[in-house]
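Residue numbers (the working numbering), protein chains in the order written: chain F, 3 to 224; chain S, 3 to 224.
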């Protein structure tokens with residue numbers, strides 16, 4: 003598969019999303035380094051122990067340096083700080099798959115976006131790291147379904163990518179299809195498509211409350 | 003059907019959405035008055051001529067006064083002015099189905115929302131007219147599909163309502179199901195659900211560009 007252009011992935015974040023993505027990449031035969039604020043993070047160390055010889059952990063900078071492709075699985079509110087700690091040199095020219103969402107829960111439910119209208123977190127990242135090939139993806143789905151679409155609706159539902167670098171998008175789309183099992187990957191254009199994908203998350207949160215489960219997704223029908 | 007509690011509808015707006023909704027209501031056997039900034043609006047007059055004896059037109063105030071249920075089919079940027087012209091007395095205690103979207107195209111594509119994050123146009127309407135029973139609905143779909151869901155995907159896709167008045171929501175949901183033919187009407191809770199439904203429209207615009215047609219919709223799959 004096309005994504006085998008690399009065998010080393012860096013994953014920023016030790017939460018459910020980071021662990022789910024990392025474990026799936028290990029299962030696909032890749033090497034994964036999970037990054038946290040500090041090396042020796044308890045959750046990262048436990049994950050490494052369970053994941054085996056292809057797994058390692060360290061700081062955000064360690065993970066970013068290790069990966070040819072980097073997944074940002076930090077919470078939206080911590081993303082820019084995490085990338086700063088990862089260091090621009092370790093992000094230069096690399097593919098950064100941004101799964102984060104700029105959700106502000108400070109006023110309770112429903113959350114709002116902390117990015118102003120007409121902007122998105124992925125665009126903020128792209129502006130801060132101009133040579134990094136940012137691809138927004140997977141932020142519209144709960145973690146378990148990201149890597150196992152057949153958990154809902156027989157896998158007949160959709161995922162989206164956007165970004166300014168066509169080759170980077172194609173590589174991520176190939177990983178989603180061939181690695182994670184997605185049948186339908188829509189190309190939502192350049193990085194401004196992240197406004198659509200992040201705005202959708204407000205809808206997602208309400209649908210989650212309505213349906214009573216996070217294990218759902220949308221299918222576009224024509 | 004439950005919506006037969008009323009037989010008179012007011013429709014604010016003479017564009018494609020207003021004409022589509024109005025014509026469908028006429029076909030269902032109701033009386034409809036279409037409202038515009040001024041009585042005698044050219045598009046409204048042409049619609050009345052085509053729609054027959056149950057159709058009439060006038061000012062926004064005329065339409066609001068006539069209807070027991072009122073559809074807001076004005077553009078988002080003109081909505082609050084149109085409701086002001088419709089006059090609070092004519093909106094008091096009535097159901098207002100709000101189809102508008104707070105889209106700002108002033109900076110080109112993609113549009114942004116002119117409501118700040120953590121708010122929505124429907125909430126602004128509800129705050130301005132506290133006794134009016136605002137129900138957000140249908141703003142997530144192109145006009146032709148609003149009243150004929152079978153135009154896409156065999157009708158197997160979803161529509162949403164939200165609002166603070168449960169009886170009003172139930173009446174609108176019944177009209178959507180029994181009158182317009184919707185199979186799945188999700189209740190997105192109180193009027194703050196409009197943040198989700200209006201935020202979704204940024205996603206809709208991108209999907210429209212990607213799919214190359216406005217005749218699509220989403221289905222939530224579990």
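Backbone N, C-alpha and C define an ideal beta-carbon position, used for all residues, glycine too.
Here the structure is a predicted model, which is why all the values come from computation and not from measurement.
- Where residue 58 of chain F is concerned, the enclosing beta strand (DSSP E) starts and stops at 57-61.
- If you check the CB distance, residue 220 of chain S and residue 178 of chain F do not come in under 7 Å.
- For the C-beta of residue 219 of chain S, the chain F residues within less than 9 Å are, from N- to C-terminus, 222, 223, 224.
- Nearest CB-CB separation between residue 42 of chain F and chain S: not below the 7 Å threshold.
- One Cα belongs to residue 46 of chain F, the other to residue 37 of chain F, and the distance between them is close to 8 Å.
- Counting only the Cα atoms, residue 126 of chain F lies some 21 Å from residue 65 of chain F.
- The beta carbon of residue 8 of chain S sits closer than 7 Å to those of 70, 71, all from its chain and outside the five residues before and after it, given in chain order.
- For the pair residue 181 of chain F and residue 196 of chain F, the Cα-to-Cα distance works out to about 23 Å.
- Burial is judged here by how many other beta carbons sit within 10 angstroms of a residue's own beta carbon; residue 209 of chain F has at least 16 and is buried.
- Contact check for residue 140 of chain S against residue 84 of chain S fails: the beta carbons are separated by 7 Å or more.
- Residue range 33-38 is occupied by the beta strand (DSSP E) that includes residue 36 of chain F.
- Excluding sequence positions up to five before and after residue 67 of chain F, its CB lies within less than 7 Å of the CB of 92, all in the same chain and listed in chain order.
- Close to chain F, meaning a Cβ-Cβ distance shorter than 7 Å, are the following residues of the region 152-171 of chain S: 154, 155, 158, 159.
- Taking residue 162 of chain F as the centre and dropping the five residues before and after it, the same chain places the C-beta of 188, 190, 199 closer than 6 Å to its C-beta, in chain order.
- Apart from the 5 residues on each side of it in sequence, residue 192 of chain F sits with its Cβ closer than 6 Å to the Cβ of 166 in its chain, given in chain order.
- The CB of residue 195 of chain F comes closer than 7 Å to the CB of 208 in chain S, given here in chain order.
- Less than 7 Å separates the beta-carbon of residue 117 of chain F from that of residue 104 of chain F.
- Residue range 135-139 is occupied by the beta strand (DSSP E) that includes residue 138 of chain F.
- Taking 7 Å as the CB threshold, residue 202 of chain S lines the interface with chain F.
- With a 10 Å radius around the Cβ and a threshold of 16 neighbouring Cβ atoms, residue 112 of chain S comes out buried.
- Here residue 220 of chain F carries a strand assignment [DSSP, helix/strand/coil].
- In the DSSP assignment, residue 160 of chain S falls within the unbroken beta strand (DSSP E) covering 160-165.
- For residue 107 of chain S, the closest C-alpha among the options S:74, S:224, S:207, S:215 is that of S:207.
- Ranked by Cα distance from residue 110 of chain S, the first of F:216, F:101, F:194, F:218 is F:194.
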